[in-house]
Amino acid sequence: MERTYKYFGVMYLFVLVTLLFCSCNQQPKEKSSYTQDSTISDIHGKPQDSLTFYFPTSIKKDTNLVKIEMDKTTQDCFSSDLYCMDEPILFNYFLGHETYRFLWLRAFNKPVVIIFNKDNDTVWLSLKVLDRQPQFMDIIHLAFPKKFKKQKSINLTQSLGESTDSLVKANRQASIIVNTTKRLSLKEWTNFEKLLNICSFWEIKPYIVNYGIDGSEWIIESHLKNKYWFVSRHSPDGGFYNAGKYLLDLGGLTEQSYPY
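Mapping of the sequence shown onto our numbering: position 85 corresponds to residue 95, and the numbering continues sequentially without gaps.
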């Protein structure tokens, strides 16, 4: 009986030590910044519908929640392009491989997106171009009367209301005219990440209001295993410009990029 107690005592001690050893060696689970909301997209990044926003209103970063103050018009503009490009939403779920996506929107040229992917040691880059900027805002056409009848007073509100000709609803439609993919090396991937580090990509405020009639919008998203981030700037310069320019070079584009 005494030997039995000793045997179970030794076994208990062995199991306890093993559990302690395993718990000490177990790596803490890295927190994910992904939203994981099924009302936004499915697990493959497919949006719920054409009106779904492609950019988050906030991003989890370490123990903080970074608020994104992007207005609805800008969200509609960026999202309509990515939707027509048949692109997945990157901020909601991790899609199984790492991706950097560069949305390039110029004032007088066609919308362009460059997608830089890595799956283990396999690296590839895709380029898509739309035939036009999708219509993302409703357009009101007014047909004003040629002249008002002579009268002492005019109900201007009523007159304008009666003069409304039509309302053209935004349809968010555009066609992909370029869709190419090519293999690259880990060296190009590493070089690009170095450029992001030089411009402190992960520390830059994601969105700053800076409208311009001319110029271009540069939006780079980062989609890594447990980390999502994006930076949007109007006609940037410096390190962020260099990072975007590197992707343009890999895609065989110039800043003019005619006929695109």
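Glycine included, every Cβ here is placed at the ideal spot set by N, Cα and C. Values in this document were obtained by computation on a predicted structure and should not be read as measured data.
Let's test the definition: count the other Cβ atoms within 10 Å of the Cβ of residue i and tell me whether it reaches 16, buried, or not, exposed.
i, result
"W202", "It should be pointed out that residue 202 corresponds to Phe in this sequence rather than to Trp. With 16 or more Cβ atoms within 10 Å of its Cβ, F202 is classed as buried."
"L75", "exposed"
"W239", "buried"
"I187", "exposed"
"F118", "exposed"
"Y110", "buried"
"L257", "buried"
"W212", "exposed"
"D91", "buried"
"L170", "Residue placement at L170 is poorly supported in this model, since its pLDDT is 47, which falls under 50; the coordinates are not used for a value here."
"T45", "buried"
"Y221", "exposed"
In whole angstroms, give me the CA-to-CA distance for residue i and residue j.
i, j, result
"F112", "M80", "18 Å"
"F65", "S242", "11 Å"
"H54", "G249", "32 Å"
"L196", "G106", "18 Å"
"S210", "Y270", "30 Å"
"T49", "Q58", "7 Å"
"S245", "W114", "10 Å"
"L194", "T132", "8 Å"
"T264", "N236", "33 Å"
"Q266", "K120", "11 Å"
"T73", "N130", "28 Å"
"N127", "Y93", "19 Å"
"S232", "F104", "11 Å"
"D47", "I218", "26 Å"
Measuring alpha carbon to alpha carbon, tell me which of the options ends up nearest residue i.
i, options, result
"L86", "N207, F146, C94", "Checking the sequence shown, residue 86 turns out to be Asp, not Leu. D86 has its Cα closest to that of F146, out of N207, F146, C94."
"N252", "S42, I208, S267", "I208"
"S136", "F104, P144, L105, E97", "E97"
"S346", "I187, K204, K255, N236", "One cannot answer for residue 346 here, as it falls past the ends of the chain, which runs 11 to 270."
"S185", "I214, Y93, N236, D141", "D141"
"I124", "G261, S267, W212, E265", "G261"
"S43", "C94, L234, D247", "L234"
"K71", "N189, I218, I214", "I214"
"P2", "T84, I78, E108", "The structure shown does not extend to residue 2, since the chain spans only 11 to 270, so no value can be given for it."
Per DSSP, residue i is paired with what?
i, result
"D247", "D247 is not bridged to any residue."
"I186", "L140"
"N181", "Looking at the DSSP assignment, N181 forms no beta bridge with any residue, so it has no partner."
"P57", "S51"
"K128", "E108, V133"
"T200", "DSSP output for T200 lists no bridge partner at all."
* To do: Scan the stretch 207-265 and note each continuous alpha helix (DSSP H) run of 4 residues or more that stays entirely inside, going in chain order.
  => Those alpha helix (DSSP H) runs which fall completely within the stretch 207-265 and span 4+ residues are 248-260.
task: Could you tell me which uninterrupted beta strand (DSSP E) segments, each at least 3 residues in length, are contained entirely in the stretch 60-116, listed from first to last along the chain?
output: Listed in chain order, the complete beta strand (DSSP E) runs (minimum 3 residues) inside the stretch 60-116 are 68-71, 74-77, 108-116.
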